[in-house]
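Trainee: Please find one structure pasted underneath; my questions will follow.
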Amino acid sequence: MNIFRFAGDMTHLISILVLLLKIYATKSCSGISLKTQELYALVFLTRYLDLFTDFISVYNTIMKLVFIASSLAVVCCMRMHRVVRRSYDKDLDTFRHYFLILASFVLALLVNEKFTFQEIFWAFSIYLEALAILPQLVLLQRSGNVDNLTGQYVFFLGAYRAFYILNWIYRYFTEQHFSRWIACVSGLVQTVLYADFFYYYFISWKNNAKMQLPA
Amino acid sequence: SNKEESHDEL
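Read top to bottom, the protein sequences are chains A and B.
Per my numbering, numbering through the first sequence is continuous, rising by one, with the last residue being 358.
Per my numbering, numbering through the second sequence is continuous, rising by one, with the last residue being 373.
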């Protein structure tokens, strides 16, 4: 484990904590896409099928459990919690996320490291994660305004992606036989999707103003 | 092994 990957994991963890904080503290999920959250829950559930078959480290196992539990907690809260559910921007969150699931699954059947149940779902989770932010970005684009905690949430998610790319560059130069082009290409695509959001995030940060996205 | 190497990240 290198410092970049650790920083990536931590910013990922922080992003989830910020999201939970927003929902629990404000009892509101406005600005948060339920579809993106459902996709993330699916991503973690399908990627960590190896939880019981391959042991890597205590750190990995705990983080996997945390990611699965937290993503399910967010989805349940947005769907079930009486007060939180009312603040959900249902009319803005209309992205057809089933297409993302379908496209990722077809791609996973075609491009995978090995044609086995676990490997296909692993590839599927990697592809789906790259696209899962789209409903969230579309929702923010449509609502125009981005509240503080939602902005921080997406910022930390983007930071996680950026650190993972630095991690791969580091590993490429320090490890022999480092080849994981499925994860790297998908990760790169995922990070590029955040570029626009980052641009407006930094503008609002520079001007010390509330974040706004152009219509 | 190769498999472990490629899935050691989160």
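Backbone N, C-alpha and C fix where the C-beta goes; we use that ideal spot for every residue, glycine too.
Anyone know if the C-beta pair for Thr189/A and Phe264/A falls short of 8 Å?
Mentor: The count along the first sequence starts at 1 and reaches residue 189/A at position 46. The count along the first sequence starts at 1 and reaches residue 264/A at position 121. In contact: Thr189/A and Phe264/A (Cβ atoms closer than 8 Å).
Trainee: Does the region 214 to 224 of chain A touch the region 164 to 176 of chain A, meaning 3 or more C-beta pairs lie closer than 8 Å?
Mentor: Yes, they touch.
Trainee: Identify every run of the alpha helix (DSSP H) within the region 183 to 253 of chain A, keeping only runs that are complete inside it and at least 4 residues long; order them along the chain.
Mentor: Correct list: 201 to 223, 225 to 229 and 240 to 253.
Trainee: Identify whether Asn288/A lies in helix, strand or coil by the three-state DSSP scheme.
Mentor: If you number the first sequence from 1, residue 288/A lands on position 145. DSSP places Asn288/A in strand when its eight states are reduced to three.
Trainee: Could you give the distance in angstroms between the alpha-carbon of Tyr342/A and the alpha-carbon of Ala352/A?
Mentor: As a position in the first sequence, residue 342/A is number 199, starting the count at 1. As a position in the first sequence, residue 352/A is number 209, starting the count at 1. Cα to Cα, the separation comes out at about 14 Å.
Trainee: Starting from Lys165/A, trace the alpha helix (DSSP H) both ways and give me its first and last residue.
Mentor: Stepping through the first sequence from its first residue, residue 165/A is reached at position 22. Counting along the chain, the alpha helix (DSSP H) containing Lys165/A begins and ends at Ile146 to Thr169.
Trainee: Indicate whether Val104/A and Phe238/A have their beta-carbon atoms separated by less than 8 Å.
Mentor: No information on residue 104/A is available, as it lies outside the stretch 144 to 358 that chain A covers here.
Trainee: Strictly by DSSP, which residues pair up with Gln355/A?
Mentor: Counting from one through the first sequence, the residue named residue 355/A turns up at place 212. Its beta-bridge partners are Asn288/A.
Trainee: Could you say which of Asp339/A, Thr293/A, Leu274/A and Asn291/A lies nearest to Glu90/A if we only look at CA atoms?
Mentor: Residue 90/A lies beyond the range of chain A shown here (144 to 358); nothing can be said about it.
Trainee: I need the boundaries of the alpha helix (DSSP H) containing Ser329/A, first residue and last residue.
Mentor: On the first sequence, residue 329/A is found 186 positions in, with the first residue counted as 1. Taken as a continuous stretch (DSSP letters only), the alpha helix (DSSP H) holding Ser329/A covers Trp324 to Lys349.
Trainee: Between Met206/A and chain B, is there a C-beta pair that is closer than 8 Å?
Mentor: Residue 206/A sits at position 63 when you count from the first residue of the first sequence. For Met206/A, the answer is yes, since a Cβ of chain B falls inside 8 Å of its Cβ.
Trainee: So the candidates are Lys165/A, Leu292/A and Val249/A; which of them puts its Cα closest to the Cα of Leu271/A?
Mentor: For the purposes of this step, residue 271/A is taken as the residue at position 128 of the first sequence. Answer by Cα proximity: Val249/A.
Trainee: So does the region 147 to 161 of chain A actually touch the region 297 to 311 of chain A, counting three or more Cβ pairs closer than 8 Å?
Mentor: Yes: the two stretches touch, three or more of their Cβ pairs being nearer than 8 Å.
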